[in-house]
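Worksheet: one structure, shown below.
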Amino acid sequence: MAVFCCAKCGATLTPDLRALAAVPDVSAHEKDRDRKTGLAPSTVPPGHYAIDPEPWGAPFVAPGPGDRRGGDDGRALLMPPDMTGMISAGPRDSVIVHPDDVPGLRPADGLGKHHGCCGPLGTGGRNRACGACGTLVATLAADCMGPHELHLDPVRVWADLSSRHLAPTRLT
């Protein structure tokens, strides 16, 4: 179990969350999206977290020869038109949590082109701030055309593992 905290002010951001062994696969099917909001199911279920070993989020770069990252899976981000085809060069090991497990975050100002019709695309860098000190600590992707997940920045958030340590769980 882990509680995630703001690295700047130490504020507790999440309740105790249980580790998953890997980032779960998510459905890209339209039928699985919420009928009212259009959101995909959250990548990570409530009460859990997963470490994403792949680069995720801003900045984005043009792919190099033989670079096969990105793709058509349910976690691919909808890109603004001038960023189509680019791949993430963002941080590895971001912590993916259910957006509802971090209720104290507040939206950052000025998403600009990084906001879709229904929510943030997740392409413009950190867009959620610590409710206590205002430090940008997370990126929410929550538009109707992409995944629904919240990434805690691995540099701006730390994990308090002092609670009873449990083995990661695997969702089937």
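Just so we're aligned: 9 in the numbering used here is position 9 of the sequence shown, and the numbers increase by one with no gaps anywhere.
Every residue, glycine too, gets a C-beta built ideally from N, C-alpha and C.
- Between Arg106 and Ala129, the gap from beta carbon to beta carbon is short of 7 angstroms.
- The region 3-19 makes contact with the region 151-162: 3 or more CB pairs, one atom from each, lie closer than 8 angstroms.
- Here the alpha carbon of Ala62 sits roughly 21 angstroms from the alpha carbon of Asp93.
- Going by beta carbons, Val44 and Arg75 fall outside the 7 angstroms limit.
- Take Gly85, set aside five residues on each side of it, and the residues of its chain with a beta-carbon closer than 8 angstroms to its own are Ala62, Pro63 and Met79, in chain order.
- Annotation for Leu152: the continuous beta strand (DSSP E) segment containing it runs Glu149 to Leu152.
- Between Thr123 and Asp82, the alpha-carbon positions lie close to 12 angstroms from each other.
- For Ser94, the enclosing beta strand (DSSP E) begins and ends at Ser94 to Val97.
- Secondary structure of Pro81 (DSSP, three-state): helix.
- Here DSSP, grouped into helix, strand and coil, assigns Asp100 to helix.
- Distance from the CA of Pro55 to the CA of Val95, rounded to the nearest whole angstrom, comes to 12 angstroms.
- Under the three-state reduction of DSSP output, Asp52 falls in the strand class.
- About 5 angstroms separates the beta carbons of Leu39 and His148, which is inside the 8 angstroms limit, making them a contact pair.
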